[in-house]
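Asker: For the sequence shown, our numbering gives the first residue as 3, with consecutive numbering after it.
From the three backbone atoms N, C-alpha and C, an ideal C-beta is built for every residue, glycine too.
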Amino acid sequence: MTDKKGKLFLFPHTLTKKGADKDAFLTPALIEAVGEIDGIIAESMTGGLSFMKMFQTKKAPHNMPICLFNKKTPDEDINFVLEPLLKGETWGFVADAGLPCVADPGAKLVRKASLKKLEVKAFYGPSSIFLSLMLSGFNGQNFAFNGYLASNKENMEKELRVLENRSKNFKSTQIFIEAPYRNTALLESCIKVLDKKTALCMACDLTTPEEVVISKKVCEWEGIDLSEFHKRPAIFLIDYHSFR
Numbered sequence: 003m004t005d006k007k008g009k010l011f012l013f014p015h016t017l018t019k020k021g022a023d024k025d026a027f028l029t030p031a032l033i034e035a036v037g038e039i040d041g042i043i044a045e046s047m048t049g050g051l052s053f054m055k056m057f058q059t060k061k062a063p064h065n066m067p068i069c070l071f072n073k074k075t076p077d078e079d080i081n082f083v084l085e086p087l088l089k090g091e092t093w094g095f096v097a098d099a100g101l102p103c104v105a106d107p108g109a110k111l112v113r114k115a116s117l118k119k120l121e122v123k124a125f126y127g128p129s130s131i132f133l134s135l136m137l138s139g140f141n142g143q144n145f146a147f148n149g150y151l152a153s154n155k156e157n158m159e160k161e162l163r164v165l166e167n168r169s170k171n172f173k174s175t176q177i178f179i180e181a182p183y184r185n186t187a188l189l190e191s192c193i194k195v196l197d198k199k200t201a202l203c204m205a206c207d208l209t210t211p212e213e214v215v216i217s218k219k220v221c222e223w224e225g226i227d228l229s230e231f232h233k234r235p236a237i238f239l240i241d242y243h244s245f246r
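1. Assuming contact is defined by CB atoms lying nearer than 8 Å, are P102 and L12 in contact in what I supplied?
2. Going residue by residue through the region 206-244, where are the continuous beta strand (DSSP E) segments of at least 3 residues, counting only ones entirely within it?
3. Over the uninterrupted beta strand (DSSP E) stretch that includes K9, give me the two end residues.
4. Thinking C-beta only, is M47 closer than 8 Å to I80?
5. Is M3 helix, strand or coil by DSSP?
6. Identify whether N144 lies in helix, strand or coil by the three-state DSSP scheme.
7. Please name the residue in S191, R234, F57, K218 whose C-alpha comes closest to that of F140.
8. Shortest alpha-carbon distance to V214 belongs to which of N171, T200, P235?
9. Using a 10 Å radius around the Cβ and a threshold of 16 neighbouring Cβ atoms, would you call Y242 buried or exposed?
10. So L208 and W223 are in contact, right, with Cβ under 8 Å, and what is the actual spacing, rounded?
11. Within 8 Å, do at least three Cβ pairs link the region 93-108 to the region 24-34?
12. Quick check on this structure: which residue in E159, K7, L135, M204 has the alpha carbon closest to the alpha carbon of K194?
13. What is the DSSP secondary structure of M66, counted as helix, strand or coil?
14. Measuring CB to CB, does F172 end up less than 8 Å from G149?
15. What does the alpha-carbon distance come out to for the pair L88 and M136?
16. Have a look at Y126 and P14 and give me their C-alpha separation to the nearest angstrom.
17. Between the alpha carbons of V122 and V83, how many angstroms are there, rounded?
18. Please confirm whether M204 and F231 have their CB atoms less than 8 Å apart.
19. For L151, tell me which candidate among I240, C206, L188 has the shortest Cα-Cα distance.
20. Going by C-alpha to C-alpha distance, which of M66, N144, V164 sits closest to E91?
21. In terms of residues, what are the limits of the beta strand (DSSP E) holding K55?
22. Roughly how many angstroms lie between the CA atoms of M3 and K119, to the nearest whole one?
23. So R168 and Q176 are in contact, right, with Cβ under 8 Å, and what is the actual spacing, rounded?
24. Report the CB separation of V96 from F53 in whole angstroms; it is logged as a contact under 8 Å.
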């Protein structure tokens with residue numbers, strides 16, 4: 003094994019398959035860094051290829067090595083993923099959308115890379131979490147991202163009440179996501195169980211021409227046609243205090 007340690011670059015990806023936001027983060031530093039990599043660690047093969055096709059890489063994208071790392075990757079496989087870097091190579095790490103290591107299991111990879119004294123460098127880019135918070139008008143001083151809620155309707159509605167209580171007690175914005183095909187069901191549950199004066203925001207199709215951001219009291223959501231948000235990438239926020 004060489005004494006030269008490799009590098010792990012954490013790259014941003016577009017938020018949607020349309021790639022409408024790519025020009026916003028194609029900085030000279032990012033373009034140069036992608037040109038250095040010997041391979042890419044990706045959440046999926048599709049995500050890795052679509053990322054590399056936006057850049058000039060050492061080899062054609064379909065000839066670049068791709069190693070998959072996602073929530074299904076066993077912890078014991080992390081050493082295998084990092085093996086080329088321990089031999090001195092430079093690899094990138096990219097999620098299917100947005101920033102790696104934020105709302106995905108990439109933290110384990112970075113932690114292991116740091117323990118092995120590999121150089122880790124992050125590059126900035128779009129994040130639905132922060133973009134939606136900026137656009138919501140909700141409290142940006144105290145907020146929490148909660149990932150996906152329970153798929154079971156009863157449990158999901160219990161979790162919504164818990165998040166609303168956290169927002170009330172800690173004066174915080176609570177942020178969560180859902181699979182696009184469940185958007186309508188989630189919004190219906192929000193309208194059903196949340197306090198009518200609690201503020202609810204949905205940010206949909208961020209960074210695309212179809213972007214929609216709606217921030218209203220729960221009672222004001224009752225007159226909106228929710229079906230128009232079916233199967234559209236979205237993120238949701240609630241703030242007990244903002245609109246009172």
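Answerer: So, from the data block:
1. Against the sequence shown, residue 102 aligns to sequence position 100. Against the sequence shown, residue 12 aligns to sequence position 10. Yes, they are a contact pair.
2. Complete beta strand (DSSP E) runs here, min 3: 214-219, 236-241.
3. For this step, residue 9 is matched to residue 7 along the sequence shown. The continuous beta strand (DSSP E) containing K9 extends over residues 9-13.
4. Stepping through the sequence shown from its first residue, residue 80 is reached at position 78. Stepping through the sequence shown from its first residue, residue 47 is reached at position 45. No.
5. The residue you call residue 3 lines up with position 1 of the sequence shown. Low confidence applies here, because M3 scores a pLDDT of 48, under 50, leaving its location unreliable and the question unanswered by this model.
6. Here residue 144 is taken as the residue at index 142 of the sequence shown, counted from 1. DSSP places N144 outside both helix and strand once states are collapsed to three, so it counts as coil.
7. Reading the sequence shown from its first residue, position 138 is the one you call residue 140. In terms of CA proximity to F140, K218 leads the group S191, R234, F57, K218.
8. The residue given as residue 214 occupies position 212 in the sequence shown. V214 has its Cα closest to that of P235, out of N171, T200, P235.
9. Indexing the sequence shown from 1 puts residue 242 at position 240. Looking at its Cβ environment, which holds 16 or more other Cβ atoms inside 10 Å, Y242 is buried.
10. Along the sequence shown, read from residue 1 onward, the residue named residue 208 stands at position 206. Along the sequence shown, read from residue 1 onward, the residue named residue 223 stands at position 221. At roughly 19 Å, the Cβ-Cβ gap does not stay under 8 Å, so L208 and W223 are not in contact.
11. Segments in contact, no.
12. Mapped onto the sequence shown, residue 194 falls at position 192. The candidate whose alpha carbon is nearest that of K194 is E159.
13. For the purposes of this step, residue 66 is taken as the residue at position 64 of the sequence shown. In this structure, M66 counts as coil in the three-state DSSP scheme.
14. Counting from one through the sequence shown, the residue named residue 172 turns up at place 170. Counting from one through the sequence shown, the residue named residue 149 turns up at place 147. At least 8 Å separates the beta-carbon of F172 from that of G149.
15. The residue you call residue 88 lines up with position 86 of the sequence shown. The residue you call residue 136 lines up with position 134 of the sequence shown. Rounded to whole angstroms, L88 to M136 spans 39 Å at the Cα level.
16. Working through the sequence shown from its first residue, we reach residue 126 at position 124. Working through the sequence shown from its first residue, we reach residue 14 at position 12. Their backbone Cα atoms lie some 6 Å apart in a straight line.
17. What you label residue 122 is simply residue 120 of the sequence shown in a count that begins at 1. What you label residue 83 is simply residue 81 of the sequence shown in a count that begins at 1. V122 and V83 have their C-alpha atoms spaced approximately 15 Å apart.
18. Position 202 of the sequence shown, counted from the first residue, corresponds to residue 204. Position 229 of the sequence shown, counted from the first residue, corresponds to residue 231. M204 places its beta carbon less than 8 Å from that of F231.
19. Stepping through the sequence shown from its first residue, residue 151 is reached at position 149. When each option's Cα is compared against that of L151, the closest is L188.
20. On the sequence shown, position 89 is the one that residue 91 refers to. Considering only alpha carbons, the answer is M66.
21. Working through the sequence shown from its first residue, we reach residue 55 at position 53. No residue range can be given for K55, since it is assigned to no beta strand (DSSP E) and is classified by DSSP as neither H nor E.
22. Locating residue 3 in the sequence shown gives position 1, counting from the first residue. Locating residue 119 in the sequence shown gives position 117, counting from the first residue. At M3, the pLDDT of 48 sits below 50, so the modelled position is not reliable; the number obtained from the coordinates is stated separately. If I take the Cα positions, the gap works out to 14 Å.
23. Sequence index remark: in the sequence shown, residue 168 carries index 166 (1-based). Sequence index remark: in the sequence shown, residue 176 carries index 174 (1-based). With a beta-carbon spacing of about 6 Å, R168 and Q176 fall inside the 8 Å limit used to define contacts.
24. Along the sequence shown, one-based indexing puts residue 96 at 94. Along the sequence shown, one-based indexing puts residue 53 at 51. The C-beta separation of V96 from F53 comes to about 5 Å, placing the pair in contact by the 8 Å criterion.
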